[in-house]
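Residue numbers (the numbering used here), protein chains in the order written: chain L, 1 to 111; chain A, 112 to 492; chain F, 493 to 1016; chain G, 1017 to 1129.
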Amino acid sequence: MNTIVDRTKDIGEFIPQPDDDMLICRCEEVTKGEIRRAVHDGMWTITEIRRYLRTGMGLCQGQTCARLVKGIVARELGISMAELEPAAARSPMRPIEMKVLGNEEVTDLWQ
Amino acid sequence: MAVVNKADVVIIGAGIIGCATAYYLTKRGKSVIVLEASDNIGNGGSSRNGGGVRQSGRDPRELPLAMYGIKELWPGLSEELGVDCEYHKEGNLRLGKTDKHLEILEGLTKRANACGLDVRMVNADEVKKINPHLSDEVIGASWCPTDGHANPMITTLAFYRKARMSGARFITGEPIKTLRRVKGRVKEVIAESKNVYEGEYVMVAAGYESRKILETVGVDVPMHQELMECLVTEAQQKMFPQMLGTAEADFYGHQSDHGSFVFGGSSGIEMNNKDIGPKNSPGNSAITAPCICRGIMKYFPELEDAKIVRTWAGYIDICQDGVPVLGFVDDVPGLVVACAFSGHGFGIAPAVGEQMARLITDGRTTVDISGLRYGRFKAKI
Amino acid sequence: MKRYEVIVVGAGPSGLSAAIEAAKRGLKVIVFDENEKPGGQLFKQIHKFFGSKKHHAKIRGFKIGENLLEEANYAGVEVALNATVIGLYADKEVVVRRNDQVFHYKGDCIIIATGAAENMVTFPGWTLPGVIGAGAAQTMMNLHGIKPGKKVLMLGSGNVGLVVSFQLLQAGCEVVALVDAAPQIGGYGVHAAKLSRTGVPFYLSHTIAKAHGEDCVTGVTICEVDSQFKLIAGTEKYFDVDTICMAVGLSPMSQLLKMSGCLMEDNPKRGGQVPIIDEFGETSVPGIFAAGDVSGIEEASSAMIEGRMAGVCVAEYLGYCTHEEKNESLAELKKDLESLRQGMFAPANRGKKITKTEEGIEISDSLLKNGFVAEQEIERYPGVVHKSGIHPVIECTQNIPCNPCQDACPKGCISIGENITNLPVVEDENVCINCGMCVASCSGQAIFLVDEDCGDGSATVTIPYEFLPIPEVGEKGFGLGRNGERLCEATVVSVKSVKAFDHTNLLTMRVPKEYAMSARFYAS
Amino acid sequence: MNRIENHPILGEPQKTEKVTFCFDGQEMNGNMGEPIAMALKANGVMIHRYTQKEHKPRGIFCAIGRCTDCVMIVDGKPNVRTCVTPLKDGMVIQTQDGVMPKTEANEVERSRV
């Protein structure tokens, strides 16, 4: 958001919705209701939601659910999706075995 | 607006130290404002560490805090905060592969024993009994059965959640520029936005950033920062519950409840790592993660097929003498310092928070933190 | 560590184009792609592309891919496949996984051309096996020769949804319905029309209420939505399907750019999180460029031009061409790009409601709502004319950037003019020789050759036909209307399949003459 | 049964070497080098795995190695993205259950948890 956010701001009560059991993060099996509940627990950024619920922290690293989670959090906070900073992009871009990542071509690093 | 921005205590930094202190202060009936420079609660080391909740391997000056936390706070923490912090008290193995390693471990063990900690040296066979997945390269270890690990991201956010529920006011995206004394006492906190916050006490718990803030009232904590890295694997079948470290503290990690392994480690050049990451999200180096993988595989050959799904980096604020600076500053009333945790603040965070709350409300702590006081730094001769 | 002057990530249309332009100017270029085969999504595109000659119009996507590869090869581009870029680090260092090893490379310039990923929508049952992305369907059938399912429901009426639905039919699957929550079709009308005439029903203002099944999809219920996209009870419709395909838009895959410290923005017009770039693709980090869908969702045709622009820019950046030479090349490319970004579907028109063509003709309401131009609407377009003898009837009713038909006719019967988004006009004085080139050249399959009155009470209609089996001459079947309804009996009088038609067969059917202007498909 | 025998644009599929592989104890045929997921689909297999928490079936979703929904246990290794892993002769492919192979023993274990 890059703006000053007072986390005591009133975002209203958590109101259950009929599709709260809809699975959003396919890898970590996190539902819409859990995400909405987390927002009311004070998790107002995508990064906090991830750390709190593991959305986007599974094998695919949020490639499928990132946009969906963003939409739910934005709606719950009453802001636009563009105002929510996406989670940090981190390597590896695809899952990679320890023995492969550890198997670097021998190089002169400062070449 | 001045009235709105006033509280008993203003805490700078919503890391786990700030969040925990805020929680324990609200529990003691104090009003609290927590100011966070970044957009996220727990954006620094609090969410980026390896999750160790250890006593073994610690400096005797901070050992009392570690022991107090593990005895009094960690066991009931999940229940108290209403969120599962994934705390496991199933021991810590500090591993050695060379005689020199064993020497280091023996030294640490002796010093810890002197402080009353149950930690002992175990030989290769005993190590294997505790953790059969370790490689034959391990020739011994120190073993502290009451150590363990927890989920740092969740624990930090759990403290935040509970503190917020108890009335603490958290403001993110509010970097602090200066502290201001009013009639001799540190009272005003002035943000870059020019917003002013006012507290009877001002606690600075902003990691390395604390240094700049403290400077504004003539307090300097001798510390530097290093960019460290961690990585996490895909979920694996349950393998072992212990926290692991090495004699040289170059690799560490554990298996989380989720099944993934979280490992941290160093490449040896982090002192000079470059950070090209976006604001508040430090970037990785190209060579550290491969190095961690090689390091870990030496200890756990069977993890070679485990896939790394993510790596990340985080700054640690390393104090000149390797332990934090905690408490009041004698000649600067109203100021509370809690920084320079030197890369091992997570495990003691609940204890630090609880003791800082006591210090602020009662004027004293129940755990001896005198070795961590601000005024301790002296020239070598 | 190996150093290259240019490292391109992604061997799709934009990445290859960028590499070609750089290598042509003498730069040492390597392209990394995680896939086994290069070409990105081009090799899944089996339809003919739109645009003009410069944009490879009327050439099928995979063929464009082959041509690009050949060009890259000729220019000396090194294409590394099965090479997964796992990170982009400080000082333009790229770490790549190749087989069981990781390699470090440094680029003096980096061009990120990683493309886009599919968006998804949720509904009860969306995690069941059998619910797939439209891209997955394309990958399965067009790369691997596997049918995604027997009976498929498509969600999404943008060009991807429309094109993939047609490809599903070509692969021998049944498309039971095309559904979109929006009140009107999102993609090109011609793409919709070619589906409609085969009998695929469109359900606009509808969405999926539920996917049925325990272990995998066995059926789907769709439901009408109101203007707030809320389901309207009582409007449920059930379909027996084994596959549900989602084509609900794309998002840029810009993680590598973010990771390398490029300034990013969330731009809904570009499809999501994109790097902030100048008009030729340079990011906030000097020497790092972005091209193609990763910097904003568009068509492959524009991605190729964007790639070429980035390639030209890196050449200048590293001193392989002068500033003037760069500007000259860029000016030309910019012109090509702008000609693509014209018309109703131009990026600038996204979200706007357009009711009239640039010629001032009312857009077919039925086309937008039902997928086909209604009979009473079709006569208003300049390509639909009546003449004696065989003549083209061009049912091209929207301003889209495309003009191969103009060049296809050796007799000059068809004219579009300078602006390639103009509607084609059938010239009155020139005489059609029934060669069929226009029919085969039309990427939208919107051109028919009609002899309205053969003198014996019948008419002949020649249609583009890209299905198997190809009907036999003499076979008796039915003429279908634009909406896929059986109109009349029809006899196949000829089927022409010549190389120049590039797999578009020209099927001529004889129908009663009153159906000359309404029979637009043949079914046996 | 799910293979396209002749395609109006792409023609007949290229002739490739046939291989046999084992899926949950059952012998199946496929084309050498095609993604495992395609060979399974050609054999009518829809379910690749059951999820860890909810025990729900999953199959092919993105088919390009991104969503990781189609992962299975291949030659004993879990979480292998079958849509981008080439099929080889004699491969042993198992339905994944959480991170383990789906076996009766694991089923019992799970029900106890």
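Where is the CB? At the ideal position from N, CA and C, for every residue including glycine.
Same chain, Cβ closer than 6 Å to residue i, neighbours up to 5 away in sequence not counted
{"i": "residue 280 of chain A", "result": "144"}
{"i": "residue 60 of chain L", "result": "27"}
{"i": "residue 357 of chain A", "result": "206"}
Cα-Cα separation, residue i to residue j
{"i": "residue 156 of chain A", "j": "residue 844 of chain F", "result": "47 Å"}
{"i": "residue 911 of chain F", "j": "residue 540 of chain F", "result": "20 Å"}
{"i": "residue 692 of chain F", "j": "residue 669 of chain F", "result": "6 Å"}
{"i": "residue 419 of chain A", "j": "residue 581 of chain F", "result": "17 Å"}
{"i": "residue 1102 of chain G", "j": "residue 1117 of chain G", "result": "20 Å"}
{"i": "residue 315 of chain A", "j": "residue 325 of chain A", "result": "8 Å"}
{"i": "residue 988 of chain F", "j": "residue 997 of chain F", "result": "6 Å"}
{"i": "residue 986 of chain F", "j": "residue 946 of chain F", "result": "15 Å"}
{"i": "residue 141 of chain A", "j": "residue 278 of chain A", "result": "9 Å"}
{"i": "residue 1081 of chain G", "j": "residue 575 of chain F", "result": "14 Å"}
{"i": "residue 724 of chain F", "j": "residue 715 of chain F", "result": "7 Å"}
{"i": "residue 839 of chain F", "j": "residue 708 of chain F", "result": "38 Å"}
{"i": "residue 161 of chain A", "j": "residue 251 of chain A", "result": "22 Å"}
{"i": "residue 43 of chain L", "j": "residue 436 of chain A", "result": "30 Å"}
{"i": "residue 768 of chain F", "j": "residue 762 of chain F", "result": "11 Å"}
Close Cβ partners of residue i (< 7 Å) along its chain, the five nearest in sequence each way excluded
{"i": "residue 112 of chain A", "result": "Annotation note: pLDDT 41 at residue 112 of chain A (below 50); position unreliable, coordinate value reported separately. Excluding residues within five positions, none has a Cβ falling inside 7 Å."}
{"i": "residue 611 of chain F", "result": "740, 741, 742 and 743"}
{"i": "residue 878 of chain F", "result": "944"}
{"i": "residue 327 of chain A", "result": "289 and 290"}
Per DSSP, the bridge partner or partners of residue i
{"i": "residue 337 of chain A", "result": "A:427"}
{"i": "residue 434 of chain A", "result": "The partner list for residue 434 of chain A (beta bridge, DSSP) is empty, contrary to what the question assumes."}
{"i": "residue 598 of chain F", "result": "F:495 and F:585"}
{"i": "residue 254 of chain A", "result": "A:204 and A:231"}
{"i": "residue 522 of chain F", "result": "F:499 and F:570"}
{"i": "residue 998 of chain F", "result": "F:956 and F:988"}
{"i": "residue 981 of chain F", "result": "F:970"}
{"i": "residue 743 of chain F", "result": "F:609"}
{"i": "residue 19 of chain L", "result": "None; residue 19 of chain L has no bridge partner."}
CB of residue i within 8 Å of CB of residue j, strictly
{"i": "residue 1094 of chain G", "j": "residue 1115 of chain G", "result": "yes"}
{"i": "residue 1064 of chain G", "j": "residue 1088 of chain G", "result": "yes"}
{"i": "residue 262 of chain A", "j": "residue 367 of chain A", "result": "yes"}
{"i": "residue 58 of chain L", "j": "residue 28 of chain L", "result": "yes"}
{"i": "residue 1073 of chain G", "j": "residue 620 of chain F", "result": "yes"}
{"i": "residue 1002 of chain F", "j": "residue 954 of chain F", "result": "no"}
{"i": "residue 810 of chain F", "j": "residue 497 of chain F", "result": "yes"}
{"i": "residue 414 of chain A", "j": "residue 407 of chain A", "result": "yes"}
{"i": "residue 671 of chain F", "j": "residue 647 of chain F", "result": "yes"}
{"i": "residue 175 of chain A", "j": "residue 434 of chain A", "result": "no"}
{"i": "residue 253 of chain A", "j": "residue 219 of chain A", "result": "yes"}
{"i": "residue 1061 of chain F", "j": "residue 972 of chain F", "result": "Because chain F spans 493 through 1016 in this model, residue 1061 of chain F falls outside it and cannot be assessed."}
{"i": "residue 354 of chain A", "j": "residue 163 of chain A", "result": "yes"}
Any chain B beta carbon closer than 8 Å to residue i
{"i": "residue 764 of chain F", "result": "In the structure shown, chain B does not exist; the protein chains are L, A, F and G."}
Contacts around residue i, its chain only, beta-carbon distance under 8 Å, and the 5 residues preceding and following it disregarded
{"i": "residue 391 of chain A", "result": "148, 149, 150, 151 and 154"}
{"i": "residue 677 of chain F", "result": "649, 654, 684, 694, 696, 859, 860, 861 and 863"}
{"i": "residue 1106 of chain G", "result": "1035, 1036, 1037 and 1038"}
{"i": "residue 1060 of chain G", "result": "1017 and 1018"}
{"i": "residue 106 of chain A", "result": "The structure shown does not extend to residue 106 of chain A, since chain A is modelled only from 112 through 492, so no value can be given for it."}
{"i": "residue 962 of chain F", "result": "987, 989, 997 and 999"}
Query - chain G contacts from the region 9 to 34 of chain L (Cβ-Cβ distance under 7 Å) - result: 26, 27 and 29
Query raised in the report: What residues in the region 75 to 97 of chain L have a beta carbon less than 9 Å from any beta carbon of chain F?
Result: 80, 81, 82, 83, 84, 85, 86, 88, 89, 90, 91, 92, 93, 94, 96 and 97
**Report entry** Contact list for the region 49 to 69 of chain L against chain G, Cβ threshold 9 Å
**Finding:** 58, 59, 60, 61, 63 and 64
Query raised in the report: In chain order, what residues of the region 187 to 211 of chain A put their CB closer than 8 Å to some CB of chain G?
Result: none
**Report entry** the region 662 to 684 of chain F: positions lying closer than 8 Å to chain G by Cβ
**Finding:** 662, 663 and 664
Query - Residues of the region 722 to 752 of chain F with Cβ closer than 9 Å to any Cβ of chain A, in chain order - result: 750, 751 and 752
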